[in-house]
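Engineer: Below is a structure I'd like to ask you about.
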Amino acid sequence: MSTSLRRSRFSGRAVELDSMESAFRDVSGGRQRSFLVGAEAGGGKTRLVEEFANRLSGRALILKGGCIEQRESALPYAPVTAVLHELVQLRGAPAVKSFVGAEGARELAWLLPELGESSERFDAGIARARLFEVLRKLLEELARETPLVVVFEDIHWADQATCDLLRFLATRLKKIRLMLIVTYRPEETSATNALRTTIADLSLSEGAEVLTLPRLQRAEVAVQLEGLLGRPPTPALINEVHARCCGIPLFTEALIDASGGLRRDFPGSLNDYLLRAVRDMPASTAELLKVMALGGPHITHALFRSVANKADLELAEWLRPAILAGILVPDHDGYAFRHALIHEAVRGDLIAGEKVAIHRAYADVLERGPVPSYRVWHSVALARHWYGAGQAENCLRWAWQSATEAAATFAYADQMEMLKLVLAVWPEVDDAIEVIGADHCKLLELAADAACWAAEAEQGLAFVERALAEVDVGRDKEQLAALLLQRAVMRQHALIPGEIADLERALDHALDSTRLRADGLGQFSRALILRGEFDRARRLGDELKDLSERLDDEEYRIEALIVAESLEMASGRYHIDRLWSIVDRARQASIGRVEVLAGAALLRALLETGKYPQIAEIGPAIFARTVEFGQARYIGAIIGSPLCRALLALGRVSEAIETCERMAALDPLPLGLVHVFECQAEIALVLGNSDRIAVAARSLRSLPPGPQVASRMAANLLRFDIESRALAGDMDQSATLVRSVLTHCEKQGRVSWPLLASAMRVAVDTNQKDVARRFADIAARSPCRNVVEEAEKLGILAEMSRSTGSDLEAWEAVAQSWADLSQPFRQAYALMRAGCAAVNASQRAKGAGHFQRGADLAHSTGASLLGNQIETLAEKARIDLGNGKEGGMPKAPLGLTDREFEVLRLLAAGQSNREIAVNLFISSKTASVHVSNILSKLSVPSRGAAAAIAHRLRIVDPA
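Counting in my numbering, the sequence shown runs from 20 upward without gaps.
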């Protein structure tokens, strides 16, 4: 396939690369290994081999040759010729001749004339045997010099002679340093018996391993896209590319255009490639593929037989070429296109007349009744096919029915799509109101409601604006209020201003004691709590409680309880048992909306009180309920956030990453994306990855600056900036950001404890004592709402002691508080500080224990950067973490003591006496004495001369 694609980042294939690396170690030890790498077209075979070759980096001689696709017949020995040509380019013809001798060179000259005059050939069998032996000898001689990797690519296009040679080499070359890599397409193995036999024989040979490359997962596609775009892709882009390209790397590259956008049509080369196999099919098969292309992603045999009007055996005979060519994949009850892009390409290749006729054929069959096992709703399929057939009234009738069915099963995205279809054909049906029993404005209201629950805010807002333009304000006040409530919730989730004004106006129009007013009171209360306007939210919550009793409505009784408990949490009062009972009450009432709201409130309460194991236990089930109720895109990320944070706090980093990826895969609206990007930054912070923190912060900044979460986002962004700059070693910029935290605290009037903790730590690290004292004052006078904030306050006050000598008891108390909360990462950091304080207090045994425990905790959570930092501090304190006890450094050279050698190492790195003192937990005066002793013992006049000797003799690490 010929395309002009940009290079994407290598993604996935970690297991396969590890297998190949392990095999190469065998090869280096003298054992021949073979790898058969199979993947469908565009599946990444060549890229995997290239990545493996790059990783070998001079450890082996790598020779590559590929087979060439030929329509009539394959070129004989094409990959062997390519390998010989590359070898001559690398070593020169004389060197190659020296390996095989004059006679051998004449045999090889039949393949590569550069090697001189070719030998005479009287018997083809004898000539082939001689050629095989010469090639065996050549590979053996090359492998004696250095490990040898020979790659034969695309052997599905190989001629019979090349296949025979591969089998010969695999069986005759055993105890030599050779790695043979063969790539092929598994779907092509049905084409020729030679290929099937070759693959089977090679896979059974000694030292052989078969790697079948799977399609990339969503997270791996995201990595590939980031490499192509030069920036993190949006969840929506990841989802669409993954769905369209099915995880095939080459297709992903082809769908990204030069500007970084997603192609809606195919580049010519890709379209030709996708359709090439289809156009090679017999005419009867090609016609059936056209029919199937309009039937959906999967079509049952029964439906296909009826639409195509063919007998079973005739249909099977006509479909078999497409199955053998890898265009279709059969299963137990039907057929599907192998790739979504092939399906798209075939569908896009249809002309208008073909589409109308095929849609009409499907509609006629489906009108007779539902088709068993059909994976599309019967009413949805009829609506779409009648629309494609140009029959507006039939389309309207079935689209309305399918929208009603979708709403009943919480399939809001399907409901919205069907209502859009109703709107599309509405002008073509004269008596549309009589057909569906609703007017155009009501239809728009329903479409807006479906879009809201489907988290399609842009489309939903457009529906609302159209409906507002049609509603009779004087006569239909309740409909106006309903539309304003819909717009308010979509503005909230899209982080668009105007939400509060819509809610106020809606309540002004919904004055009667109705469910609509109850809806508005609950929605308004939650919006005010999100913004921190608790007094006003309490008044509305009280009204909601009274109204729910007047209506005798259990749904709004439960919602009033959720509002009341949310306000209690804002005041630092947590009633976990009450929240559990509210969740149970909502479940018993079978009201999905309030059950999800109650679950979200429960998870938030558990998170803020540090009950992380409970969240890890119940969070996945609550998350799953959002899917069952069709609210995953709407609220799934908000539910997933406390689960992700709890898993991260517990040190279950891989599970936290998986949860965060699931949140992002929902493609949430901006309010949900706030939670996704915050979780991404928190994970990167634990892993010590400054680049990923910065990337998450940039993604967070790219969201609309909505008033709903402005204060929260400002605090988190400032914290992430401080942490990423500090981790990157940019302490000057980090110090500047720390000073801006004082302004932030004054402006906000309330404390963000995580921000204050980060700022305090960096303030002490950058020797900003005045700023640190002000942070300590803020922490001391700020009330704590829960035990997590109390632990943060303890840590902030303990950080202050670092500037004056570090308080051992304070740090031990901090470590214990985080241990009580089951937060190993935070506990490990506190233990590191406690270890330093213990060493300073001459309690080295206690310090060794703290360092050992801290390092173990850090590494167990995947926080290798923190673990390494603890180990470095322990080494500077001359504590051996191998057994957690004091240890001695190796005997120092040049007559220096161990401590003097440590001082010399830091001196040679350019550190001052004060910096040396800090690193070795000694006073500046003691450091000065050590420096004087070093100068005397080395007989040098200055620190610079001592450093020069240290570097020249290589007795310290180079600077």
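Each residue gets a CB set at the ideal place from its N, CA and C atoms; glycine is no exception.
Owing to the predicted nature of the structure, the values given are computational and were not obtained by experimental measurement.
So, R366 versus L438, is the Cβ gap smaller than 8 Å?
Structural biologist: Mapped onto the sequence shown, residue 366 falls at position 347. Mapped onto the sequence shown, residue 438 falls at position 419. It is not a contact, given that the beta carbons lie outside the stated cut-off.
Engineer: Looking only at DSSP bridge pairs, what is F118 linked to?
Structural biologist: What you label residue 118 is simply residue 99 of the sequence shown in a count that begins at 1. DSSP lists no partner for F118.
Engineer: Quick one: what does DSSP say E981 is sitting in, helix, strand or coil?
Structural biologist: Past the boundaries of the shown model lies residue 981; the chain is included only from 20 to 978, so the question cannot be answered.
Engineer: Between A501 and L462, what straight-line distance do the alpha-carbon atoms span, to the nearest angstrom?
Structural biologist: Along the sequence shown, one-based indexing puts residue 501 at 482. Along the sequence shown, one-based indexing puts residue 462 at 443. C-alpha separation (whole angstroms): 13 Å.
Engineer: Can you name, in chain order, every residue of its own chain whose Cβ lies under 7 Å from the Cβ of R569, other than the five neighbours on each side?
Structural biologist: Stepping through the sequence shown from its first residue, residue 569 is reached at position 550. S532.
Engineer: Should H175 go down as buried or exposed, given a rule of 16 or more other Cβ atoms within 10 Å for buried?
Structural biologist: Position 156 of the sequence shown holds residue 175. Classification for H175: buried.
Engineer: Does the separation of the CB atoms of G57 and Y203 fall below 8 Å?
Structural biologist: Position 38 of the sequence shown, counting from 1, holds the residue named residue 57. Position 184 of the sequence shown, counting from 1, holds the residue named residue 203. Closer than 8 Å, so yes.
Engineer: What three-state label does DSSP hand G388 in the structure shown?
Structural biologist: Reading the sequence shown from its first residue, position 369 is the one you call residue 388. DSSP places G388 in coil when its eight states are reduced to three.
Engineer: Tell me which residue opens and which closes the beta strand (DSSP E) that Y593 is part of.
Structural biologist: Here residue 593 is taken as the residue at index 574 of the sequence shown, counted from 1. From DSSP, Y593 is part of no beta strand (DSSP E); its letter is neither H nor E.
Engineer: Are the CB atoms of A430 and G649 nearer to each other than 8 Å?
Structural biologist: By 1-based counting over the sequence shown, the position of residue 430 is 411. By 1-based counting over the sequence shown, the position of residue 649 is 630. It is a contact, given that the beta carbons lie within the stated cut-off.
Engineer: Leaving aside the five residues before and after L522 along the sequence, list all residues of the same chain whose C-beta is less than 8 Å from its C-beta, in chain order.
Structural biologist: Translated into the one-based positions of the sequence shown, residue 522 becomes position 503. The residues are L503, L504, A507, G539, Q542, F543 and A546.
Engineer: Thinking C-alpha only, which one of G249, K374 and N290 is nearest M311?
Structural biologist: If you number the sequence shown from 1, residue 311 lands on position 292. That would be K374, whose Cα lies nearest to the Cα of M311.
Engineer: Just the C-alpha distance for N805 and V770, rounded to the nearest angstrom, thanks.
Structural biologist: Stepping through the sequence shown from its first residue, residue 805 is reached at position 786. Stepping through the sequence shown from its first residue, residue 770 is reached at position 751. Cα-Cα distance, rounded: 13 Å.
Engineer: Buried or exposed: E122, going by 16 or more other Cβ atoms within 10 Å of its Cβ?
Structural biologist: Within the sequence shown, numbered from 1, the residue matching residue 122 stands at position 103. Exposed, by the Cβ-count rule.
Engineer: DSSP state of M908, grouped into three classes?
Structural biologist: Residue 908 sits at position 889 when you count from the first residue of the sequence shown. No answer about M908 holds up, because its pLDDT of 40 lies below 50 and its placement is not dependable.
Engineer: Select from A335, T945 and R576 the residue whose C-alpha is nearest the C-alpha of I610.
Structural biologist: Taking the first residue of the sequence shown as position 1, residue 610 is located at position 591. Here the closest residue by C-alpha is R576.
Engineer: Please report how far the alpha carbon of A966 lies from the alpha carbon of L923, in whole angstroms.
Structural biologist: As a position in the sequence shown, residue 966 is number 947, starting the count at 1. As a position in the sequence shown, residue 923 is number 904, starting the count at 1. Those two C-alpha atoms are separated by around 7 Å.
Engineer: At 4 residues or longer, and completely inside the region 418-498: list those alpha helix (DSSP H) runs for me, N to C.
Structural biologist: As far as the region 418-498 is concerned, its whole alpha helix (DSSP H) runs of at least 4 residues are 431-444, 451-455, 459-472 and 476-489.
Engineer: Taking buried to mean at least 16 other C-beta atoms within 10 Å of its own C-beta, is S92 buried or exposed?
Structural biologist: What you label residue 92 is simply residue 73 of the sequence shown in a count that begins at 1. In this predicted model, S92 has a pLDDT of only 47, less than 50, meaning its place in the structure is not dependable; the value taken from the coordinates is given anyway. The residue is exposed, with fewer than 16 neighbouring Cβ atoms inside 10 Å.
Engineer: Count the other CB atoms within 10 Å of the CB of G824; is the residue buried (16 or more) or exposed (fewer)?
Structural biologist: If you number the sequence shown from 1, residue 824 lands on position 805. G824 is exposed by the Cβ-count criterion.
Engineer: For L369, which three-state DSSP category applies?
Structural biologist: The residue labelled residue 369 in the question sits at position 350 within the sequence shown. Three-state result, L369: coil.
Engineer: On the DSSP letters alone, give me the boundaries of the alpha helix (DSSP H) that P340 sits inside.
Structural biologist: Within the sequence shown, residue 340 is the residue found at index 321, counting from 1. It spans D331 to L343 - the alpha helix (DSSP H) in which P340 sits, taken as one unbroken run.
Engineer: Since H404 is in the alpha helix (DSSP H), which residue starts that stretch and which ends it?
Structural biologist: In the sequence shown, residue 404 corresponds to position 385, counting from 1. Element bounds for H404: H397 to G407.
Engineer: Taking the alpha carbon of G62 as the point to measure from, which residue in R78, N859, N73 and S30 has its own alpha carbon closest?
Structural biologist: Translated into the one-based positions of the sequence shown, residue 62 becomes position 43. For the residues R78, N859, N73 and S30, the minimum Cα distance to G62 belongs to S30.
Engineer: Helix, strand or coil for L109? Go by DSSP, reduced to three states.
Structural biologist: Within the sequence shown, residue 109 is the residue found at index 90, counting from 1. L109: helix per DSSP, three-state reduction.
Engineer: Work out the CA separation of R671 and F844 for me, nearest whole Å.
Structural biologist: Looking up residue 844 in the sequence shown gives position 825. Looking up residue 671 in the sequence shown gives position 652. The straight-line gap from Cα to Cα measures roughly 10 Å.
Engineer: Leaving out five residues before and five after F118 in sequence, what residues of the same chain have Cβ atoms less than 6 Å from its Cβ?
Structural biologist: Walking along the sequence shown from the start, residue 118 turns up at place 99. Result list for F118: L157 and E160, in chain order.
Engineer: Taking buried to mean at least 16 other C-beta atoms within 10 Å of its own C-beta, is Q846 buried or exposed?
Structural biologist: Position 827 of the sequence shown, counting from 1, holds the residue named residue 846. Buried, by the Cβ-count rule.
Engineer: Quick one: what does DSSP say S958 is sitting in, helix, strand or coil?
Structural biologist: Position 939 of the sequence shown holds residue 958. Three-state result, S958: coil.
Engineer: For the alpha helix (DSSP H) holding H528, just list the boundary residues, first then last.
Structural biologist: For the purposes of this step, residue 528 is identified with residue 509 of the sequence shown, where counting begins at 1. E518 to H528 is the extent of the alpha helix (DSSP H) around H528.
Engineer: What does the Cβ neighbour count give for K630, buried or exposed, with the cut at 16 atoms within 10 Å?
Structural biologist: For the purposes of this step, residue 630 is taken as the residue at position 611 of the sequence shown. Result: buried.
Engineer: Taking the straight line between their C-alpha atoms, what separation do you get for A799 and E811?
Structural biologist: In the sequence shown, residue 799 corresponds to position 780, counting from 1. In the sequence shown, residue 811 corresponds to position 792, counting from 1. Going by the C-alpha atoms only, they are around 11 Å apart.
Engineer: Determine the burial state of L718: buried for a count of at least 16 other Cβ atoms within 10 Å of its Cβ, exposed for fewer.
Structural biologist: Counting from one through the sequence shown, the residue named residue 718 turns up at place 699. A small correction: the amino acid at residue 718 is Ser; Leu does not occupy that position in the sequence shown. Buried, since its Cβ has 16 or more Cβ neighbours within 10 Å.
Engineer: Is the beta carbon of L816 less than 8 Å from the beta carbon of L774?
Structural biologist: Here residue 816 corresponds to residue number 797 of the sequence shown, with the count starting at 1. Here residue 774 corresponds to residue number 755 of the sequence shown, with the count starting at 1. No, Cβ-Cβ distance for L816 and L774 is not below 8 Å.
Engineer: Tell me the rounded alpha-carbon separation between R623 and L704.
Structural biologist: Counting from 1 along the sequence shown, the entry for residue 623 is found at position 604. Counting from 1 along the sequence shown, the entry for residue 704 is found at position 685. When rounded, the distance between both Cα atoms is 21 Å.
Engineer: L761: which of L746, F794 and M750 sits nearest, CA to CA?
Structural biologist: Here residue 761 corresponds to residue number 742 of the sequence shown, with the count starting at 1. Closest by alpha carbon: F794.
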